[in-house]
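Sequence positions in the sequence shown follow this note's numbering and run 618 to 1011. What follows is a single structure, written as structure tokens, with notes after it.
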Amino acid sequence: MKKTNFLDLGNQPFANNYLTKKNLFKKEKKYRLKVCFDSLTKLVSIEKIFSSKLMFNNTYPYRSSMSKTMIKSFKELSKLIDKKFKPKKILEIGSNDGAFIKNFKKNKTIGVEPCANVEKITKKLNYNTYPEYWSKKLSRKLFKKFGEVDVIYSANTISHIKNLDEVFKGINLILSEKGILILEDPSLLECLKRNTYDQFYNEHIYVFSTIGLENVLKKYNLKIFKIDKLDIHGGSNRYFIKRKSNPKKIHKSVAQQRKAEISYGLKNYKTYKKFASRVKRSRKMLKNIFKKLKNKNKTIIGYGATAKSTTILNYCNINNKTIDFFLDTTIDKQNKYTPGTKIPILKYLGIDRNKIDYIFLGAWNFKNEIFKKEKKFIKNGGKFIIHTPYPKII
Ligand code: TYD
């Protein structure tokens, strides 16, 4: 393996480690967030990797159902799956609060979700969900109980797992011969194009490119046969994958995506170094925006206390002296504080333009949904601060 780091995002707390009032002054666990490129596999990953148990446990705050965008996306995908693949059994790895599996009949789905606090939401509704980490052992157990599955779906989960060998061996144990694996994760190409360096944090071990993912998949005789580009999470790819032995035709989208990645330079280390320089510039610009607004005594709040924004706020050293508070719809984040930067997070109850001038968009990946919701604030002259593709006020 030839891994070289290209980006240093400084000392960072765990991105989803929202602080309670009680532990606000306790020393937080921090790590150095560096991002590396492996010139052999073409995989991009963070350097320091923590155990899943430390990050994905029964205090995990993330809920897939918190956004209309995600609910709609899962609904559309489930219709497509039923129409195209007509599966008898579907398995979801990382089923969270059931936003995807709830689109299917209970006896048709199996969900695997290690964060028991989230998993129990679907368990209560009598879905077959397991509060466990995906592994070969679990796959064998599920196979014994349910037999093989025709579709496996996993969104924003595989990129969170260090041991890809365990992931794909487990998948191969339970996926039927003609079965389809659908993976969905942020696209490395889009991340570089849009300068969304906040895709990197302790939970996002990998940000996949197609060329990197193909290098992994071939070891397990799996092949991408179609790629859908999605706007989800700031530009994601939905990979449709089959067994090598399945004669299904390869759609042109695969060659197109591969070509786009190669011509952008995703095989070359220097592309990543250039990205790192843009990230540094981005930090300078964002800090300047905040400084200017604060000098004019403007009131700034945050919208969407995302894990991603933990990276931005800590890297740019933007804290509770600059942002008064964040608003977020996730109950488990409310009345807590952002990791490292200690900005209070309040329950979303609408926005009063008379009290607020600027909003830093932490949940920039839901920009369209949020702008629609905050029409009134915008109409009344309220402005947003966004860091992608470059920091600006809109
Ligand atoms: P998200 O960007 O999905 O994830 P991550 O934490 O992985 O970076 O998180 C979106 C957050 O924004 C989530 O905490 C819910 C919040 N949110 C709102 O408060 N209001 C909204 O209208 C939307 C769409 C999201």
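Ideal Cβ positions, reconstructed from N, Cα and C, are used throughout, including at glycine.
Could you have a look at residue i and say whether DSSP puts it in helix, strand or coil?
i	result
Q951	coil
I778	coil
I968	coil
F631	coil
L903	helix
G851	helix
E991	coil
I1011	coil
L742	coil
S826	coil
G796	strand
I788	helix
F943	strand
L641	coil
I962	strand
I844	strand
K897	helix
I935	coil
S682	helix
K705	coil
Y818	coil
S752	coil
F691	helix
A924	helix
N912	helix
K722	coil
R811	coil
F983	helix
N832	helix
N734	helix
F892	helix
Taking 6 Å as the limit between beta carbons, can you name the residues of its chain near residue i, skipping five residues before and five after?
i	result
L755	E749
D800	Reading the sequence as shown, one finds Leu at residue 800 and not Asp. Cβ neighbours of L800 beyond the five flanking positions: S771, I775 and Y856.
I976	I918, Y920 and F1001
D974	K915 and T916
P803	Q816, V824, H850 and S853
S926	G979
N937	K959 and I960
N789	Y837
Less than 8 Å between C-beta atoms, sequence neighbours within five positions excluded: which residues of the same chain meet that for residue i?
i	result
L624	K651, V652, Y814, F817, Y889, F892, A893 and V896
K866	F842
T658	M618, G829, N832 and V833
S752	E783 and G787
C808	Y814, Q816, V824, G851 and G852
I858	I797, L798, I799, L800, L834, L839, K840, I841 and F842
L847	S690, E801, S853, N854 and R855
L641	Y954 and K959
S669	P731, Y750, H777, I778 and K779
I962	Y635, A922, F942, F943, L944, D945, K950, Q951, N952, K953, Y954 and T955
Can you pull the DSSP bridge partners for residue i?
i	result
E801	A772 and R855
R860	L839
V729	I710 and Y747
G764	Per DSSP, none; premise fails for G764.
F977	G919 and I1002
K620	D655
L636	Y954
D699	In DSSP, D699 forms no bridge with anything.
D625	K651
Residues in its own chain within less than 7 Å of residue i by CB, not counting five upstream and five downstream?
i	result
A980	Y920, G921, T923 and I987
E831	I841
E730	G711, S712, N713, E736, T746 and P748
Y1007	N812, S899 and M902
F721	S695 and I707
H868	F842 and K843
T947	P678, R680 and M683
Y965	L944, D945 and T946
Under 8 Å between C-beta atoms, does residue i make it to chain B?
i	result
T888	Going by chain labels, chain B is absent from the structure shown, which holds only one protein chain.
Touch check for the segment 660-669 and the segment 850-862: three-plus C-beta pairs under 8 Å? no
Where are the beta strand (DSSP E) runs, 3 residues long or more, that stay fully inside the segment 644-680, in chain order? Here the runs fully enclosed are 647-655 and 661-663.
Pick out the complete alpha helix (DSSP H) segments inside the segment 862-889, 4 residues or longer, and give them in chain order. 869-881
Is the number of C-beta pairs between the segment 704-722 and the segment 673-688 that are closer than 8 Å three or more? yes
Pair every Cβ in the segment 942-960 with every Cβ in the segment 989-1000, then say whether three or more of these pairs are closer than 8 Å. Contact between the segment 942-960 and the segment 989-1000 is absent: fewer than 3 CB-CB pairs across the two stretches fall below 8 Å.
Please determine if the segment 953-966 and the segment 621-638 are in contact, where contact requires at least 3 C-beta pairs separated by less than 8 Å. Here the segment 953-966 lies against the segment 621-638, with 3 or more beta-carbon pairs under 8 Å apart.
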